[in-house]
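A.B. asks: Once you know that position 300 of the sequence shown is 427 in our numbering, the rest is easy, because the numbers rise by one and skip nothing. For each residue, glycine too, the CB sits at the ideal point set by N, CA and C. There's a structure below that I have some questions on.
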Amino acid sequence: MLRPLLWVGAWIMTTLLFAATARAESPLSLETVLQSVARTHPGLEAAQRKVESAEGKQFAARGGFDPTFTIRGKWNPVGYYDNGQVDTLVRQATPVWGVGLYAGYRVGWGSYPVYKGDLQTLSGGEVRAGIDVPVWRNGPIDARRAKIRQTRIRSEGARRTRDATALGLELRATKAYWSWAAAGLRLQVARELLAIAQQRDTGLAEQAAAGAIEPIKRVDSRRLVLDRKAKVVAAQRKFNEATLALSLFLRDAKGNPIQPGEGRVPAAIAEPTPIDTVPIDQEVTEAIARRPDVAALLAKRSVTEVGVKLARNQRAPAVNVQSFVARDFGNGPAELGPTEWGVGVVVEMPLPLRAARGQYRAAKADLRTVDAEVRGLRDAIGAEVRASLVAVRAAEQTVVLARQQVLAANELAEAERERLTEGASELVIVNLRELAAADAATQEIDALADFQRARADFLVSTGRSPQP
C-alpha cells in the first residue's frame, strides 16, 4: 500500500508545484482585456477618427452661413470719359426661411455717359442694403440648411457606429479570452494526466527491475507516457493559437500585442451567473431600442429623409421677393440726393424640371432602401436575441451535466487505480479510466467557456456590454 500512496503524493506535489508556478504571475482578467481594447485597439481608434472627420464636416457645413465680403474697383484714366468706381458688398445668408441680406457702399467719380449714369454717386458715395426672400423654392429648406442637418446627423451616426464597433470588439475580445482561458486549463489537465503517467511509470520501472512485474507492462507504461506527451504537445499548440488570437485585443501602451503566458491563465472559468431577462418579445423590443447599430442606421435614414425633403422642394419654381434701400451722401447732381427704395420679384423655373424630378425619384428610392435595411436589421436582432438566449439556457444545462460526469469519471478512475495496486486490474483499463476522467474535466472546462461565450453573445445581442 505504500507505493500507491507515494504515487498519489508525487502527483499532488506536481500539481501544487504547477499551481505555485502559475501564481508567480497574476491571473489575467477579462476586465483587463476589455480595458485594453478600449484604450489601444486599432479598430476602435479608426472608428473614433471617423467621428472626428464627421464633426469636422459638420463644422465646415456651418461655413455656408459665413458672411462674404466683396470689393471691386475700376479706373478709366484714358478715354473720353475719365472715371472710376469702388464698390464693396457684404452678403449674409440666414437660416431663417433662406432669407439673404446684403449691405454695401460704393463711390463713383468722374464723368459718365448717360447710359451708365447708375455708376455715378455723390461725392460721399452711396450706402445701400437689401433683402432677398425665397417664397417657394429654397424657403422651407435649401442646400445650406440641408447640409448642416445632414452633417449633424452624420456626426451622431458616426458616434453610434463607433459604439457599435466597441461593442463588437468587446464581444470578440470576450470570446477570445474565454477560449484562451479554456485552452490554458485544458493544457493543465493534459499535463496533470502526463504527471500521473510519469509517476506510475517510475514505480513500474522499479517493480520491473526487481522482477515483480513482467517487462512488457513497463513497455506499455512508457507507451502511455509518450501518448500523453503527444496530448500535451497538441494542447500546447492550441493554447499558443488561442494566445495569438487574444493578443489582438491585449496590447501595451504603444499598441503592440501582448501574448500572455501560461502563468496568467485563471485558476478556473468563471461560474455561470444567472441572467435577468424579461419576456422575450419585450427583450427584443428593448434590444432594438438599445443597439447602437440600429441607431446608426436610423441616423442614415434621417440623412436620407433630409435629402428627400430638399429634392421635393427643388422641384418648385424659384419665386423670390427682393427689396432694397439706397442713399447717397455729399455733393453732386441733385437727382442723386433722394433716398431710393424698391421692391422686385424674380421667378425662375426650368421647364422640363428633369434634374429636380430625377433627384427626387432617386432620393425616394434611397429612403426605401434604408427602410428595408432597418426592417432587416430589426428582424436579425430578434433572431439573434432569441437564439442567444436558447444557447445560454442550453449551456447552463451542459455545465450541470458535465460536472456530474466529472464526479463519476473521477470516482471510477480512483477506484481503478486502487484495483491496479491490488493487482485486480490492468494498466490498459486504468489508462482508459484516467482518459475518461481527463476528458470529463476538459468537457467541464469547455462547457463553462461555452456558457461565458453564450452569455456574451446574449448581452451584446441586446445592446449591453459583455463585461462580468
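Just the C-alpha distance for Val-501 and Thr-167, rounded to the nearest angstrom, thanks.
C.D. replies: For the purposes of this step, residue 501 is identified with residue 374 of the sequence shown, where counting begins at 1. For the purposes of this step, residue 167 is identified with residue 40 of the sequence shown, where counting begins at 1. So the two alpha carbons sit approximately 31 Å from each other.
A.B. asks: Could you check the C-alpha separation between Asp-209 and Tyr-242 for me, to the nearest Å?
C.D. replies: For the purposes of this step, residue 209 is identified with residue 82 of the sequence shown, where counting begins at 1. For the purposes of this step, residue 242 is identified with residue 115 of the sequence shown, where counting begins at 1. Answer to the nearest angstrom: the Cα atoms are 15 Å apart.
A.B. asks: Which same chain residues, not among the five before or five after Ser-588, have their C-beta less than 6 Å away from its C-beta?
C.D. replies: Here residue 588 refers to the residue found at position 461 of the sequence shown. Within the same chain, Ser-588 has close Cβ partners Glu-511, Val-512, Ser-515.
A.B. asks: Determine the direct distance from the alpha carbon of Asp-290 to that of Arg-528, and round the result to whole angstroms.
C.D. replies: Stepping through the sequence shown from its first residue, residue 528 is reached at position 401. Stepping through the sequence shown from its first residue, residue 290 is reached at position 163. Per the sequence presented here, residue 528 reads as Leu, with Arg not at that position. One C-alpha to the other measures close to 38 Å.
A.B. asks: For Asn-537 and Leu-575, I'd like the C-alpha separation in whole angstroms.
C.D. replies: Here residue 537 is taken as the residue at index 410 of the sequence shown, counted from 1. Here residue 575 is taken as the residue at index 448 of the sequence shown, counted from 1. Near 18 Å, if we compare the C-alpha coordinates of Leu-575 and Asn-537.
A.B. asks: Which value, in whole angstroms, describes the spacing of the CA atoms of Lys-201 and Gln-212?
C.D. replies: Position 74 of the sequence shown holds residue 201. Position 85 of the sequence shown holds residue 212. Their Cα atoms are separated by approximately 5 Å.
A.B. asks: Are there 16 or more other CB atoms within 10 angstroms of the CB of Ser-238, so buried, or fewer, so exposed?
C.D. replies: Residue 238 sits at position 111 when you count from the first residue of the sequence shown. Exposed, because fewer than 16 other Cβ atoms sit within 10 Å of the Cβ of Ser-238.
A.B. asks: Here's the rule I'm using: 16 or more other beta-carbon atoms within 10 Å means buried, otherwise exposed. How should Asp-584 be labelled?
C.D. replies: Sequence index remark: in the sequence shown, residue 584 carries index 457 (1-based). With 16 or more other Cβ atoms within 10 Å, it is buried.
A.B. asks: Among the residues of its own chain, which have a CB less than 6 Å from the CB of Val-433, if the five just before and after it don't count?
C.D. replies: Looking up residue 433 in the sequence shown gives position 306. Taken in chain order, the residues that qualify are Ala-273, Arg-276, Gln-277.
A.B. asks: According to DSSP, simplified to helix, strand and coil, what is Thr-496?
C.D. replies: For the purposes of this step, residue 496 is taken as residue 369 along the sequence shown, with counting starting at 1. Of the three classes helix, strand and coil, the one that applies to Thr-496 here is helix, per DSSP.
A.B. asks: Given a cut-off of 8 Å, decide if Val-497 and Lys-427 are closer than it, judged by their beta-carbon atoms.
C.D. replies: Within the sequence shown, residue 427 is the residue found at index 300, counting from 1. Within the sequence shown, residue 497 is the residue found at index 370, counting from 1. Closer than 8 Å, so yes.
A.B. asks: Within the segment 227-255, note down every full beta strand (DSSP E) run reaching 3 residues or more, in order along the chain.
C.D. replies: Here the runs fully enclosed are 227-237.
A.B. asks: Does the pairing of the segment 441-459 with the segment 246-253 give three or more beta-carbon distances under 8 Å?
C.D. replies: Counting Cβ pairs under 8 Å, three or more are found: they touch.
A.B. asks: Can you look up Phe-196 in the DSSP assignment and give me helix, strand or coil?
C.D. replies: Residue 196 sits at position 69 when you count from the first residue of the sequence shown. In the structure shown, Phe-196 sits in a strand (DSSP, three-state: E or B).
A.B. asks: Here's a check: name, in chain order, each residue in its chain whose Cβ is nearer than 6 Å to the Cβ of Gly-191, leaving out the five neighbours to either side.
C.D. replies: Start at 1 with the first residue of the sequence shown, and residue 191 comes out as number 64. Arg-271.
A.B. asks: Put Lys-201 into one of helix, strand or coil per three-state DSSP.
C.D. replies: For this step, residue 201 is matched to residue 74 along the sequence shown. Correct three-state label for Lys-201: strand.
A.B. asks: Excluding sequence positions up to five away, which residues of its chain have a Cβ less than 7 Å from the Cβ of Ile-402?
C.D. replies: As a working note, residue 402 is residue 275 in the sequence shown. Correct list, in chain order: Val-519, Arg-582, Phe-585.
A.B. asks: Quick check on the burial criterion: 16 or more other C-beta atoms within 10 angstroms. Buried or exposed for Asp-259?
C.D. replies: The sequence position of residue 259 within the sequence shown is 132, counting from 1. Flag for Asp-259 reads buried.
A.B. asks: Provide the residue span of the beta strand (DSSP E) that contains Trp-450, from first to last.
C.D. replies: As a position in the sequence shown, residue 450 is number 323, starting the count at 1. Residue identity check: residue 450 is Ser in the sequence provided, not Trp. Segment 445-455, the beta strand (DSSP E) holding Ser-450.
A.B. asks: If we call anything under 8 Å between Cβ atoms a contact, is Leu-373 one with Pro-387?
C.D. replies: Taking the first residue of the sequence shown as position 1, residue 373 is located at position 246. Taking the first residue of the sequence shown as position 1, residue 387 is located at position 260. The answer is yes: Cβ separation under 8 Å.
A.B. asks: Could you tell me the boundaries of the alpha helix (DSSP H) in which Asn-210 lies?
C.D. replies: Stepping through the sequence shown from its first residue, residue 210 is reached at position 83. Here Asn-210 belongs to no alpha helix (DSSP H); instead the beta strand (DSSP E) covers 210-220.
A.B. asks: Tell me the rounded alpha-carbon separation between Tyr-229 and Val-217.
C.D. replies: Working through the sequence shown from its first residue, we reach residue 229 at position 102. Working through the sequence shown from its first residue, we reach residue 217 at position 90. So the two alpha carbons sit approximately 6 Å from each other.
A.B. asks: Could you tell me the alpha carbon to alpha carbon distance between Ala-422 and Leu-294, rounded to whole angstroms?
C.D. replies: For the purposes of this step, residue 422 is taken as residue 295 along the sequence shown, with counting starting at 1. For the purposes of this step, residue 294 is taken as residue 167 along the sequence shown, with counting starting at 1. C-alpha separation (whole angstroms): 13 Å.
A.B. asks: Over the uninterrupted beta strand (DSSP E) stretch that includes Trp-468, give me the two end residues.
C.D. replies: Start at 1 with the first residue of the sequence shown, and residue 468 comes out as number 341. Residues 467-475.
A.B. asks: State yes or no: is the C-beta of Arg-442 within less than 8 Å of the C-beta of Ala-483?
C.D. replies: Here residue 442 is taken as the residue at index 315 of the sequence shown, counted from 1. Here residue 483 is taken as the residue at index 356 of the sequence shown, counted from 1. Yes, Cβ-Cβ distance for Arg-442 and Ala-483 is below 8 Å.
A.B. asks: Once you ignore the five residues that flank Gln-486 on each side, which residues in its own chain have a CB closer than 8 Å to its CB?
C.D. replies: What you label residue 486 is simply residue 359 of the sequence shown in a count that begins at 1. Contacts found: Ala-438, Gln-441.
A.B. asks: Determine the DSSP secondary structure at Ile-396, reduced to helix, strand or coil.
C.D. replies: Residue numbering aside, residue 396 sits at position 269 when the sequence shown is read from its first letter. Reduced to three states, the DSSP call for Ile-396 is coil.
A.B. asks: Name, in chain order, the residues that DSSP records as bridge partners for Ile-572.
C.D. replies: Looking up residue 572 in the sequence shown gives position 445. Ile-572 pairs with nothing; no bridge assigned.
A.B. asks: Which residues in the same chain have their Cβ closer than 6 Å to the Cβ of Asn-265, if we skip the five residues on either side of it in sequence?
C.D. replies: Reading the sequence shown from its first residue, position 138 is the one you call residue 265. Taken in chain order, the residues that qualify are Gly-225.
A.B. asks: Give the single residue among Lys-184, Pro-444, Leu-351 whose Cα lies nearest to the Cα of Met-476.
C.D. replies: Position 349 of the sequence shown, counting from 1, holds the residue named residue 476. Ranking Lys-184, Pro-444, Leu-351 by Cα distance to Met-476 puts Pro-444 first.
A.B. asks: Just list the residues that DSSP pairs Pro-261 with in beta bridges.
C.D. replies: The residue labelled residue 261 in the question sits at position 134 within the sequence shown. Per DSSP, Asn-447.
A.B. asks: Within 8 Å, do at least three Cβ pairs link the segment 313-324 to the segment 352-360?
C.D. replies: The answer is yes - the segment 313-324 touches the segment 352-360, with three or more Cβ pairs under 8 Å.
A.B. asks: Rounding to the nearest angstrom, what Cα-Cα distance links Val-411 and Asp-420 in this structure?
C.D. replies: Counting from 1 along the sequence shown, the entry for residue 411 is found at position 284. Counting from 1 along the sequence shown, the entry for residue 420 is found at position 293. Near 14 Å, if we compare the C-alpha coordinates of Asp-420 and Val-411.
A.B. asks: Would you call Pro-261 buried or exposed, if buried means 16 or more other Cβ atoms sit within 10 Å of its Cβ?
C.D. replies: Start at 1 with the first residue of the sequence shown, and residue 261 comes out as number 134. Buried, by the Cβ-count rule.
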